[in-house]
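Right, one structure below, let's go through it.
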Amino acid sequence: MSASTKSRPKVATDSDKALPDAPIMLTPLRKHAPSPFFPGRQLAFTTQPPAPPTHGRLRWVLLLPALLVGLLVFVLATILLLYFFVLRRVPGAAVAPVILVAEPTHGLLGLTISTLATHTASIGAPVLVSVAGYCVAGTWLKEQAFPRQTRVALPTPLQYAHMVQVLVTARPISVYRASLYLRSRRTRVPRAFRVALALTGLVLGLSYTLILADVWLHAASSVVDGRGRYPLAPALAYLALLYAYALTAGGIYLWAARLRAPLVRGRSAAQLAHRRLADPLALIGALYPAAHPDDAEDPSEENENTARLELGTDDADAFGVYQRPAPWIMAE
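Sequence positions in the sequence shown follow this note's numbering and run 4 to 335.
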């Protein structure tokens with residue numbers, strides 16, 4: 004036997020033996036290897052859809068009336084300012100020693116503009132109070148988001164009733180009753196209660212003060228001196244109130260526009276809370292639900308099985324709620 008035959012290794016016949024690893028130069032590229040043409044973050048794919056946002060802002064359509072009221076009052080105030088302090092002359096009063104008494108109405112253009120601005124502010128006051136309800140709802144949601152240990156006082160049923168009355172009616176008597184309750188300090192008052200009272204009182208106060216200032220301007224302008232100028236004091240007071248009203252409307256709009264609240268079924272929680280504060284239909288539907296729990300979300304939907312209210316004669320039961328059973332229930 005030759006030496007070459009002795010040095011040759013024996014080949015193993017075991018079929019279970021694993022094959023040797025491939026050379027390094029033949030190892031395939033892995034899928035997670037970075038591409039030389041695209042960043043690695045662009046190659047990352049996922050089958051899960053993006054998570055929907057948990058917080059959102061109010062739709063601009065809900066806040067548009069407050070913005071329109073503020074802009075309209077601001078434009079009218081600017082026009083009146085230019086008319087008073089640029090033109091400043093009443094037609095027919097150019098003769099120095101002459102004093103005009105009860106000047107014709109068609110010549111008092113400034114007073115006509117002031118009347119239009121006053122009516123705009125009066126009509127827009129309930130609109131601003133309604134939009135202020137979103138600010139109150141956002142404050143309420145923000146307060147109750149804290150843990151119970153560090154949470155401030157939440158509204159009691161009576162405080163909630165005062166807030167609903169103030170925001171729904173938007174009348175001075177409602178603000179007065181809420182102020183008396185706040186002055187009594189029977190229990191801790193939440194910040195949402197103070198916000199509702201402050202914003203509603205501010206809007207109504209400016210609206211009614213504008214009416215008084217407009218009356219003062221009309222009374223003082225009925226007799227004009229020979230130089231043909233409007234009286235300075237009532238004109239300045241009226242313009243200051245107009246600009247304050249416009250700034251208040253703008254502040255309420257910005258506050259509500261910057262409000263971020265959790266989303267509930269695609270709608271902002273502030274919008275749902277606003278319905279509980281400024282919509283009597285939603286409040287009554289929640290207190291007296293109809294046949295199904297879902298019917299309380301829309302009280303306008305009624306059928307034969309809708310619950311009915313019965314006015315009680317006893318002090319203990321002011322209202323009685325009864326419900327007509329469905330035909331299939333009676334058949335059973």
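Beta carbons are placed, not taken as given, at the ideal position from N, Cα and C, and that holds for glycine.
Query	Result
Cα separation between Leu84 and Val171?	34 Å
Answer yes or no: do Val139 and Ala69 have a C-beta to C-beta separation smaller than 8 Å?	no
Counting C-beta neighbours from all protein chains within 10 Å, is the total for Ala236 16 or more, i.e. buried, or is it exposed?	exposed
Grab me the residues of Ala238's own chain with a C-beta within less than 7 Å of its C-beta, minus the 5 sequence neighbours each way, in chain order.	Phe87, Leu220
Count the other C-beta atoms from every protein chain shown that fall within 10 angstroms of the C-beta of Ser187, then say buried if there are 16 or more, exposed otherwise.	exposed
So, is Pro158 buried or exposed, given that buried needs 16 or more other C-beta atoms within 10 angstroms?	buried
Within the same chain, show all residues whose beta-carbon is closer than 8 Å to that of Trp63, passing over the 5 residues directly before and after it, in chain order.	Ala260
Considering Cα atoms alone, identify which of Arg180, Tyr241, Gly141, Glu146 is closest to Leu161.	Arg180
Let me check one thing: in DSSP terms, what residues is Leu1 bridge-paired to?	Here the chain has residues from 4 to 335 only, and residue 1 is not among them.
Starting from Pro68, follow the alpha helix (DSSP H) in both directions and report where the run begins and ends.	63-85
Once you ignore the five residues that flank Arg174 on each side, which residues in its own chain have a CB closer than 7 Å to its CB?	none
Please report how far the alpha carbon of Ala120 lies from the alpha carbon of Val78, in whole angstroms.	9 Å
To the nearest angstrom, report how far apart Ala243 and Leu185 are at their CA atoms.	30 Å
Please determine, among Ser224, Gly113, Leu67, the residue with the shortest C-alpha to C-alpha distance to Ile82.	Gly113
How would you label Phe149, buried or exposed, when you count the other beta carbons within 10 angstroms and need 16 or more for buried?	exposed
Rounded C-beta distance between Gly127 and Val89? I'm assuming under 8 Å.	Not really, about 27 Å apart at Cβ, beyond 8 Å.
Identify every residue that forms a DSSP beta bridge with Ala60.	Before going on, a small fix: residue 60 reads as Arg here, not Ala. Partner(s): Arg263.
What distance in whole Å lies between the Cβ atoms of Leu202 and Ala249, which are believed to be in contact at a cut-off of 8 Å?	Wrong, their Cβ atoms sit about 15 Å apart, outside the cutoff.
Report the CB separation of Ala80 from Leu209 in whole angstroms; it is logged as a contact under 8 Å.	The pair is not a contact, with the Cβ atoms about 12 Å apart (cut-off 8 Å).
Can you tell me the Cβ-Cβ gap for Arg60 and Ser224, rounded? I've got them flagged as a contact below 8 Å.	Actually they do not touch by this definition, with Cβ atoms about 45 Å apart.
Looking at the secondary structure, which residues open and close the alpha helix (DSSP H) in which Asp217 lies?	194-224
Nearest by alpha-carbon distance to Trp143: which of Ala124, Tyr163, Val132 is it?	Tyr163
Beta carbon of Ala252, beta carbon of Val76: below 8 Å?	yes
At the level of alpha carbons, what is the spacing between Pro234 and Ile116?	16 Å
Are the CB atoms of Tyr256 and Leu66 within a distance shorter than 8 Å?	yes
If you compare alpha carbons, which of Leu205, Gln168, Ile176 is closest to Arg279?	Gln168
Straight-line CA distance for Ile176 to Thr190?	22 Å
For Ser133, count neighbouring Cβ atoms within 10 angstroms of its own Cβ and tell me buried if that reaches 16, exposed if not.	buried
Check for me: the alpha helix (DSSP H) holding Thr172 runs from which residue to which?	160-172
Quick one: residues in its chain with C-beta nearer than 8 Å to the C-beta of Ala247, no 5 flanking neighbours on either side, listed in chain order?	Leu209
Would Val178 and Leu131 be called neighbours here (beta carbons separated by less than 8 Å)?	no
Report yes if the CB atom of Ala273 is closer than 8 Å to the CB atom of Ala285, and no otherwise.	no
Over what stretch of residues does the alpha helix (DSSP H) that includes Leu185 continue unbroken?	175-187
Return the CA-CA distance between Ser125 and Asp282, expressed in angstroms with no decimal places.	21 Å
When DSSP labels each residue in this structure, what does Arg3 get in the three-state scheme?	The question about residue 3 has no answer, for the chain in this structure spans 4 to 335.
Figure out for me which residue from Val267, Arg194, Pro129 has the closest Cα to the Cα of Gln147.	Arg194
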